[in-house]
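One structure is given here, and the rest of the page talks about it.
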Amino acid sequence: MPYTGFDNNSVETQTIRFYEQQGLLPPPDRQDNGYRVYTEKHGEGLAFIRRCRILGLSLAEIHELQSYQDDPHQPCTAVNALLDDHISHVRSQITALQALEKQLVSLRASCNDDREVEACGVLAGISEGNMHQQ
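In the working numbering, the protein residues as written are 44 to 177.
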């Protein structure tokens, strides 16, 4: 029976097909006219992928998590390790974004609104490379 639970407003057809190509969703059966026939399993898989993407997990990490789902009686040590690695990556991104924020605030402080563009401290700072790399 075809699955009708996809929310067409939130998932592009291209995205679903991309996930199929990447092996994250099983290929759907086809009707005689070539149309894809999705099942509830496809809907559940897509929902799982979307929740993983919201968490910032990569396609490789999602694929790995799916492989753990396929063997549900193993200990979840590997799942925890994957998530610990992802948390570490997120923390590194936060640190990099905080450094970027400081850089932008410093750059913004180099110019006030009373100047004309030719004397803009922000543009001069960018042009001269007066930004600290962190």
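C-beta atoms are modelled at their ideal positions from N, C-alpha and C, and glycine is treated no differently.
It should be emphasised that the depicted structure is a prediction, and the values quoted were computed from it without experimental measurement.
Using only the alpha-carbon positions, how far apart do residue i and residue j sit?
i: N76; j: R93; result: 29 angstroms
i: Q112; j: T120; result: 13 angstroms
i: K145; j: G168; result: 14 angstroms
i: T138; j: P118; result: 32 angstroms
i: R73; j: Q141; result: 49 angstroms
i: H85; j: F61; result: 13 angstroms
i: N155; j: Q65; result: 50 angstroms
i: Q57; j: A162; result: 47 angstroms
i: S135; j: S170; result: 28 angstroms
i: S131; j: N123; result: 12 angstroms
i: E87; j: P115; result: 16 angstroms
Assign residue i to one of three DSSP states: helix, strand, or coil.
i: R79; result: strand
i: A162; result: helix
i: D156; result: coil
i: D127; result: helix
i: G86; result: helix
i: M44; result: Its pLDDT being 48, under 50, M44 is placed unreliably in this model, and the value from its coordinates should be taken loosely. Coil, per DSSP.
Does the distance from the CB of residue i to the CB of residue j come in under 8 angstroms?
i: L67; j: I97; result: no
i: L89; j: V54; result: yes
i: D165; j: L150; result: Note on residue identity: the sequence assigns Val, not Asp, to residue 165. Yes, they are a contact pair.
Hey, residue i and residue j are a contact pair by Cβ (cut 8 angstroms); roughly how many whole angstroms apart?
i: R79; j: P71; result: 4 angstroms
i: Q125; j: E107; result: Looking at the sequence provided, one finds Leu at residue 125 rather than Gln. That pair is a contact at about 6 angstroms.
i: H129; j: L102; result: So it is not a contact: roughly 13 angstroms between Cβ atoms.
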